[in-house]
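For reference, the structure discussed in these notes is given below.
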Amino acid sequence: RLLFLWWLSVLGNISVERLRMYVKVELKRFRVVKEVGRIVMNVRIFACCQLIEVCQ
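With mature numbering (1 follows the signal peptide of the UniProt record, and there is no 0) applied, the sequence shown corresponds to residues -18 to -1, 1 to 38, in that order.
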């Protein structure tokens, strides 16, 4: 949120429409990063379970 306010002050006189577009892009990027993180976490858990099975 602070980063967003900082960007707002930096960009200053940007049009509202461009700002909305920027926010949409940022939200999409955040969702993608969140999904990738979730996938990586699931893969790590699966790999850990496989390793435990092999070691037993």
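Here a beta-carbon is modelled for each residue, glycine too, at the ideal position from N, C-alpha and C.
The structure displayed is predicted, hence computed values, not measured ones.
Once the 5 residues before and after residue i are set aside, which same chain residues still bring their CB inside 7 Å of it?
| i | result |
| --- | --- |
| isoleucine 27 | none |
Do you know how far the Cα of residue j is from the Cα of residue i?
| i | j | result |
| --- | --- | --- |
| valine 25 | lysine 16 | 14 Å |
| leucine 9 | isoleucine 21 | 18 Å |
| cysteine 31 | phenylalanine 12 | 29 Å |
| cysteine 6 | arginine -1 | Per the sequence presented here, residue 6 reads as lysine, with cysteine not at that position. The alpha-carbon atoms of lysine 6 and arginine -1 are separated by roughly 10 Å. |
Can you name, in chain order, every residue of its own chain whose Cβ lies under 6 Å from the Cβ of residue i, other than the five neighbours on each side?
| i | result |
| --- | --- |
| valine 14 | none |
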